[in-house]
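Working notes, beginning with the structure itself.
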Amino acid sequence: MKFEDLPSDIVDRILMSIPDFTTLSAALLTSKAHVYNVYQAHPKSVFHAVAYNITGPAIRQALCVAKMAEEAEALYDEESDDSDEQATVIVELLSDDEQVIEKLLSDKNVTSVLRKNAKIVNKLEDLFSRRNKDRTSTKTALTEAESKRFHRGIYRLWALVLFQEHNYGDTLEEKITDYLENLSLSEILEIDRVRDFFDDTRLWLNLACHDSPTEPSQFIPCPNGLLSAIEELDIIRFIEEYSINPPQKVFNSLSKTLITRHQLDDKKRAEQRAKAIIDNVEGPNDICHRCNAVKGLQLWGPTNWDLLRGHLELKNVFLGYLRTNPIERAAFRQYVFDNYHPLRGVGHQFSDFIEQCFDTDAENTENWDKTKWHCLDCVHIFLKQRAWKWWYQQKQEQPGYQAVDDCWYGYNCRTQTHKWAHAQKLNHLCVPTRGDPHPDEQAAA
Ligand SMILES: [Zn+2]
Ligand SMILES: [Zn+2]
């Protein structure tokens, strides 16, 4: 079949999947009679499809961020601090003018930034979806409408943060408030929902980068910085890079608008925010296979074991006093926790660790089914039963491993926590023949 003979609906599909406007123009020129006629039947939907292919569902908001980044660079080049010029960008892109949008989308510099940003936002959408919509899917399960709201919220937050970063002066907070005044309550709540997701992710990162809670790190407001911190698990570097100036004025304006203009107190704000992006959660009443507690999204299984990384403290992984044995702690941490990239897909040490614990010697422990879902409390019980056995096995398989005698007090030995030489000389990854359990475990028993 010749191209000219293709039915119009196929040509239409082809036009809709074109990646950019330069290619679209070229396609229209190739066959004036056929392709152009198909295009002319509904140019608007083709325009929107191509724009969507470049930016994702929130076309105007994505453009606003790309344009602001470009303007900011230009301002730096000119060493000017003309804040009015920046102020216009946010306002300008509120326009629905397709010609303005097409002109911007035809600019190669802008589209390359757009594509880079879209990749970042899509990856964060996958994470948002797994934590807030469907824990069983590693790719986004958001509906078209939910996805659009997520994109709109994240790009608007991004734009506001950039706006604060590159503008100074006493009226800045007013300008941000003015911008928010133009949005509906549901649109403001979308921004607030994404801010809250970033805050959750900050807490996740905090534990994921350390093996016990530390001083809460600062908020990372820019999606690019946040994603890099997740991928590199190096929160400190990204805080330095992206949070020199926490976007306090953006947060103040958000709170002020929601409290004063929309009269939402903290409780109502949280309730409405929770529904701002997601319409329906998958399996909200799903129960823990072991204890039957209704936990929904707070259940852990094969598709989200990797995310457990930011929910586990070492004290809930290692039995007895092993958690404070400096030698075991450092070696285990390095082996399991370091160099792990939850979104980049390389280095699966952490989920491998969880999965292999299911296959580890089950003598004297419960039966655990790795295909089932468990709540965090039950995950703690599971790991306390299995993690030290798994770790002992891994150590024994290391090249150059030299066996040492078991300490009589095994994992309940207190000396291992403060006497380095003792911790090194004897093995503590073994069942105690005497001694008392750790007070935490005594209380739980
Ligand atoms: Zn449970
Ligand atoms: Zn000992």
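Residue numbers (this note's numbering): 109 to 553.
All residues carry an ideal CB built from backbone N, CA and C; glycine is no exception.
Residue i: first and last residue of the uninterrupted alpha helix (DSSP H) it sits in
i	result
T309	L293 to A316
A382	D374 to A382
A337	P331 to E340
I122	S116 to M124
T219	K216 to N240
V487	L484 to E505
D319	Counting along the chain, D319 falls outside any alpha helix (DSSP H), and DSSP gives it neither H nor E.
P151	P151 to T163
I209	E206 to L213
K478	Taken as a continuous stretch (DSSP letters only), K478 belongs to no alpha helix (DSSP H), as it is neither H nor E.
H526	T523 to H526
H259	E252 to E273
Y519	From DSSP, Y519 is part of no alpha helix (DSSP H); its letter is neither H nor E.
L288	L280 to E289
F111	Neither: F111 is in no alpha helix (DSSP H) and is coded neither H nor E.
V539	Per DSSP, V539 belongs to no alpha helix (DSSP H) and is neither H nor E.
K357	Q356 to K364
S133	F129 to T138
Own chain residues within Cβ distance below 8 Å of residue i, not counting five before or after
i	result
F155	E206 and E210
V143	V119, L123, A135 and L136
E421	L315, D319, S320 and P321
R121	none
N393	V402 and G404
Cutoff 7 Å; reference residue i; Cβ partners in own chain excluding five residues on either side
i	result
P450	Model confidence at P450 stands at a pLDDT of 49, short of 50, so the residue's coordinates are unreliable; what they give is reported in the following sentence. Closer than 7 Å at the Cβ level, and outside the excluded window around P450, lie I338, D414, L415 and R417.
H397	D477, K480, W481 and H482
H419	L315 and L484
T322	N314
K503	Y509
L491	N424, V425 and C465
I167	A159, Y160 and I209
N412	R238 and R243
A96	Absent from the structure is residue 96, since the part of the chain shown begins at 109 and ends at 553.
R381	L297, D300, R301 and D304
Contact check, residue i vs residue j, beta carbons under 8 Å
i	j	result
C483	K403	yes
Q501	T473	no
L626	Y517	Lying before the first or after the last residue shown, residue 626 is absent from the chain, which here runs from 109 to 553.
F111	S139	yes
T541	H530	no
L335	I228	yes
L250	F129	no
K241	V389	yes
E254	I386	yes
S361	I284	yes
F458	W499	no
D300	L366	yes
I162	L222	yes
L265	V218	no
P355	L268	yes
H546	G428	yes
Cβ neighbours of residue i in the same chain (closer than 6 Å, five flanking residues each side left out)
i	result
A401	C483
Q550	none
I126	L132 and V158
L405	R243
K247	D234
F305	F236
I395	V402
W408	L416, H482 and V487
A149	none
P165	S255, K256 and H259
H370	L293
Is the region 505-515 in contact with the region 419-437, if contact means three or more CB pairs nearer than 8 Å?
no
Quick one: complete alpha helix (DSSP H) runs, 4+ long, within the region 407-475?
434-440 and 457-467
request  = Kindly confirm or deny that the region 295-306 and the region 258-265 touch, where touching means at least three C-beta pairs closer than 8 Å.
outcome  = yes
Handout entry: At least 3 beta-carbon pairs within less than 8 Å: the region 237-244 vs the region 171-179
Key = no
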